[in-house]
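One structure is given here, and the rest of the page talks about it.
Protein chains in written order, with this note's numbering: chain A, 5 to 321; chain B, 7 to 268.
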């Protein structure tokens, strides 16, 4: 694929994301066709959707590369649950939603959960796909249980945390958006800078080392970038599943596996996808709202199964 | 000028089981060196030791005059290229994308390949007769072509030492000969020390200047093809009756007759 067509495709994604974002502002019944509703409620919500979708897809592309595993995704690896646990701890300790402490703890939780999944799955200097899926499930369940435990102790906030765990784009104050934006920029900045080495890591760690890649440092940096991205996504939308799985795959089909292009495509496509999903989530059962995480999981789980079957025959773990 | 690669009394064992012991040799710049021996003789382990992927438990390796253990990963990658016996690629990278990765050791971590790097990769692909495959995903190529793409990647590294584990598996006979001829030229024209591990002693005998025969982790013979592949050595190492013949151009051909009786 020549560079020009790739750039054109990325440009198209970008336009599509913008168009979807712009259209989504107007989707749904507008009770009082007021500029105030559009600008103060719909616009921040669309921005939150764009940011969460971009972050999750960016994190997915990164994880799938660094783990050489097309089934990797922040939701499946437990990264999102870790971020949610960190965020929950911050809320319980009295930090404001979207405050620096909130995001710092979310990023720390995400990093710790990813590292835990990875280390649990590691045997003989290899990270087999099956191990990784199992350890991800375990870490996810453990973080989820801890979150429930925390909120069982503080019942008054139990409902909001349930929504949080399902993944839902509702509140997005300026502080929340700015914090997430900073983390997104940091995470993607690192991700783009690592893209050449991530390509090489696809050949396996041993081969990557003979090509001069410091594989341990690379993994550490990539996990950190993934944690920033997940903290951003969890901050604005809670734990939304499968965006990080589906979107990088579609981007890879369209743009090829080289990480520079792939990440750019995934980010734009993810932003468009989640915004679209959120528009659907708030209109399908209006005036009631479906948490957007429910919708993405409904689409994502069958996709994951399909991928698992396919990868069993092609990649042999 | 001293040897570009030197092994001194190398020893390595897997959890006390199979052991490689007392392996010493020197390889100079521009030499095409073969390592051969029956299954499980330690060929691949020896090559991994030479690549620095694993560290010897005894003895030492000097690459370009420096102890292998003290060379930084990036300098090692600029000095030495290693092609493992099996390579798998989980995603659909194109042949050009794989080949150009060989240019990576010269770049800083944030840098990307330049047009010159891509042109270089295209040149090497052309040299290997793979220009038609440059834009195709490697996983869509035949296993022989895929093998050649990884040889191209190693050549793109422009190493002083090139280590290849079974470079000609999956290649048909014509490609095997072409590949060995290319490696021999590469050694002669660039002064690269090329070290090949191969099952195919016929090919090794024809193209390698010197070779090391291993049996049960120990060196059985070291020298020119004519010396090492003497009938007595082949009987002892491989258990076959065979002899070498020189052709008019001075090449060594191996004539394998039968397995040894008894």
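We treat Cβ as the ideally placed atom computed from N, Cα and C, and that holds for glycine.
No experiment lies behind these values; they were computed from the predicted model shown.
*asked:* Relative to the C-alpha of residue 204 of chain B, which candidate in B:51, B:152 and B:25 has its C-alpha closest?
replied: From the listed residues B:51, B:152 and B:25, the smallest Cα separation to residue 204 of chain B is found for B:51.
*Determine the direct distance from the alpha carbon of residue 110 of chain A to that of residue 187 of chain A, and round the result to whole angstroms.*
One C-alpha to the other measures close to 11 Å.
_Can you check whether the C-beta of residue 105 of chain B is within less than 9 Å of a C-beta belonging to chain A?_
Interface with chain A (9 Å Cβ-Cβ cutoff): residue 105 of chain B is excluded.
*State yes or no: is the beta carbon of residue 192 of chain B nearer than 9 Å to at least one beta carbon in chain A?*
It does not: the Cβ of residue 192 of chain B has no partner Cβ on chain A nearer than 9 Å.
_Beta carbon proximity, residue 132 of chain A to chain B, threshold 9 Å_ = Judged by the 9 Å Cβ criterion, residue 132 of chain A is not in contact with chain B.
_Give me the residue from B:243, B:115 and B:232 with the minimum Cα distance to residue 249 of chain B._
Residue B:232 is the option with its Cα nearest to residue 249 of chain B.
*Pick out whichever of B:36, B:68, B:63 and B:13 has its Cα sitting closest to the Cα of residue 21 of chain B.*
When each option's Cα is compared against that of residue 21 of chain B, the closest is B:63.
*Evaluate residue 257 of chain A with the Cβ neighbour count: other Cβ atoms within 10 Å of its Cβ, from every protein chain shown; 16 or more gives buried, anything less gives exposed.*
Looking at its Cβ environment, which holds fewer than 16 other Cβ atoms inside 10 Å, residue 257 of chain A is exposed.
*asked:* Assuming residue 234 of chain A and residue 114 of chain A are in contact, meaning their beta carbons sit under 8 Å apart, how far apart are those beta carbons, in whole angstroms?
replied: Between residue 114 of chain A and residue 234 of chain A the Cβ distance is about 4 Å, and since that is below 8 Å, they are a contact.
*Close-in-space but distant-in-sequence residues of the same chain around residue 137 of chain A (CB under 7 Å, 5 per side omitted)*: The beta carbon of residue 137 of chain A is closer than 7 Å to those of 75 and 80 in its chain, skipping five residues each way along the sequence.
_Cβ-based burial, residue 114 of chain B [other Cβ within 10 Å; buried from 16]_ = Label assigned to residue 114 of chain B: exposed.
*Is the beta carbon of residue 1 of chain A less than 9 Å from the beta carbon of residue 61 of chain A?*
Because residue 1 of chain A is not part of the residues shown, which for chain A are 5 to 321, the question remains open.
*Start and end of the alpha helix (DSSP H) containing residue 211 of chain A?*
Taken as a continuous stretch (DSSP letters only), the alpha helix (DSSP H) holding residue 211 of chain A covers 209 to 214.
_Per DSSP, cross-strand counterpart(s) of residue 246 of chain B_ = According to DSSP, residue 246 of chain B shares a beta bridge with B:265.
*By DSSP, does residue 49 of chain B sit in helix, in strand, or in coil?*
Of the three classes helix, strand and coil, the one that applies to residue 49 of chain B here is helix, per DSSP.
*asked:* I'd like to know whether the C-beta of residue 198 of chain A is nearer than 9 Å to at least one C-beta of chain B.
replied: Among the residues facing chain B, residue 198 of chain A is included, as its CB has a counterpart in that chain under 9 Å away.
*Give the secondary structure of residue 219 of chain B by DSSP, where H, G and I count as helix, E and B as strand, and everything else as coil.*
Strand at residue 219 of chain B.
*Quick one: residues in its chain with C-beta nearer than 7 Å to the C-beta of residue 96 of chain A, no 5 flanking neighbours on either side, listed in chain order?*
Take residue 96 of chain A, set aside five residues on each side of it, and the residues of its chain with a beta-carbon closer than 7 Å to its own are 154 and 158, in chain order.
*asked:* Looking only at its chain, what residues have a beta carbon closer than 7 Å to the beta carbon of residue 214 of chain B, apart from the 5 residues adjacent to it on each side?
replied: Excluding residues within five positions, the ones whose Cβ falls inside 7 Å are 38, 39, 40, 202 and 231.
_chain B within 9 Å of residue 307 of chain A, Cβ atoms only_ = Chain B, which has no Cβ nearer than 9 Å to the Cβ of residue 307 of chain A, makes this no.
*Neighbouring residues, chain A, relative to residue 18 of chain B (Cβ below 9 Å)*: For residue 18 of chain B, there are no C-beta contacts with chain A under 9 Å, since the nearest C-beta of that chain is about 16 Å from it.
*Spatially closest choice to residue 266 of chain B from B:241, B:200, B:253 and B:133, by CA coordinates*: If we check each option's Cα against that of residue 266 of chain B, B:241 comes out closest.
*DSSP state of residue 66 of chain B, grouped into three classes?*
Looking at residue 66 of chain B - three-state DSSP - the assignment turns out to be strand.
*DSSP state of residue 77 of chain B, grouped into three classes?*
DSSP, reduced to helix, strand and coil, places residue 77 of chain B outside both helices and strands of the structure shown, so it counts as coil.
*Quick one: what's got a C-beta closer than 7 Å to residue 294 of chain A's C-beta in the same chain, skipping five residues either side?*
Residues of the same chain with a CB within less than 7 Å of the CB of residue 294 of chain A, apart from the 5 flanking positions on each side, are 285 and 288 in chain order.
_Along the segment 200 to 218 of chain A, where does the CB come closer than 8 Å to a CB of chain B? Name the residues._
Cβ contacts with chain B come from 200, 201, 203, 204, 206, 207, 208, 210, 211, 213, 214, 215, 216, 217 and 218.
*Closest by CA to residue 307 of chain A, which one among A:65, A:261, A:195 and A:245?*
From the listed residues A:65, A:261, A:195 and A:245, the smallest Cα separation to residue 307 of chain A is found for A:245.
*May I have the straight-line CA-CA distance separating residue 111 of chain B from residue 84 of chain B, to the nearest angstrom?*
Each residue's Cα considered, the two are about 6 Å apart.
*Ends of the beta strand (DSSP E) at residue 171 of chain B?*
Its beta strand (DSSP E) spans residues 167 to 171.
*Leaving out the 5 sequence neighbours to the left and right, which residues in its chain are closer than 7 Å to residue 52 of chain A when beta-carbon positions are compared?*
The answer, listed in chain order, is 173, 176, 181, 240 and 241.
*Taking all protein chains shown into account, do 16 or more other C-beta atoms lie within 10 angstroms of the C-beta of residue 182 of chain B, making it buried, or fewer, making it exposed?*
That one is buried.
*Would you kindly work out how many angstroms separate the C-alpha atoms of residue 279 of chain A and residue 304 of chain A, rounded to a whole number?*
For the pair residue 279 of chain A and residue 304 of chain A, the Cα-to-Cα distance works out to about 16 Å.
*Hey, could you find the ends of the beta strand (DSSP E) residue 88 of chain B is sitting in?*
Bounds of the beta strand (DSSP E) holding residue 88 of chain B are 86 to 89.
*Which one or two residues does DSSP pair with residue 41 of chain B in a beta bridge?*
B:203 and B:218.
*So, are the CB atoms of residue 89 of chain B and residue 160 of chain B less than 9 Å apart?*
Contact flag set, yes.
*Coil, strand or helix - residue 77 of chain A by DSSP*: The three-state secondary structure of residue 77 of chain A, taken from DSSP, is coil.
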